[in-house]
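Note sheet for the following structure.
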Amino acid sequence: MQDNDKTQPASDEAKLPEAENNAAPADEAEGLDPRDQRIAELEAELANAKDQQLRALAEVENMRRRAQREREEALKYGAVSLARDLLSVADNLGRALAAAPEAGADDATKALIDGVAMVEKDLVGALEKHHVRLVAGVGEPFDHNVHQAVVEIESDEVPAGHVAQVLQIGYTLHERLLRPAMVAVAKAPAGA
């Protein structure tokens, strides 16, 4: 029996090349061997699955980046409505100081004016601390991105196309415009 076991693998090995030799002409006649076809199908499915996996991973990464960017913008610009509401407070404090008498006021009035000036200074400082900045004013070139031209006035002091007067202060939060500055734009005098 042991001899048969030893001879059996030899006969199997001998049969395999014959089977391959016999199958080779049949494959050429019929195309691919069914096993080779199945392997090709599975390889195509695998390639497709890998492609889908890469696309899914790329989409997840894009979503992660988008969410991160949205979080950063929410932190950066989350105070827009609060800042806009505080702008009217700053405007009113500025108007109160502009309307205050410059001379001839008694001590109580001077103390009140000084108190309003300190409150305005604190408010502007708090706004600046949170990246709310004033838009450039008088003498600066007119920029339609941050200025709103209300009127055009003749001016010898400011070049044409520059801000001659600020009627309402404008503000930005980081690089985003909160409110444009309402300005009078200089034009050359008629006789010039």
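Numbering-wise (this note's numbering), the sequence shown opens with residue -12 and increments by one. All residues carry an ideal CB built from backbone N, CA and C; glycine is no exception. These figures come from a predicted structure and were not determined experimentally.
Check: Touch test, the segment 62 to 75 against the segment 106 to 119, Cβ-Cβ under 8 Å, three pairs minimum; Outcome: yes
Check: Residues near A171 by beta carbon distance below 6 Å, same chain, minus five either side; Outcome: V138, I140, A151 and Q152
Check: Cβ neighbour criterion (16 or more within 10 Å) applied to A16; Outcome: Below a pLDDT of 50, predicted positions are generally treated as unreliable, and A16, at 40, falls in that range; the measurement from the model is reported next regardless. Label assigned to A16: exposed.
Check: Which listed residue (H134, R166, Q135 and A173) has its alpha carbon closest to that of P146; Outcome: A173
Check: Exposure of V122, with buried meaning 16 or more beta-carbon neighbours within 10 Å; Outcome: buried
Check: Secondary structure of I156, DSSP reduced to three states; Outcome: coil
Check: Buried or exposed by the 16-neighbour rule on C-beta atoms within 10 Å, applied to A85; Outcome: exposed
Check: Cβ shell of L110 (< 6 Å), same chain only, five flanking positions each side left out; Outcome: A77
Check: C-alpha distance - A177 paired with G148, whole-angstrom precision; Outcome: 15 Å
Check: Alpha-carbon to alpha-carbon, R56 and M50; Outcome: 10 Å
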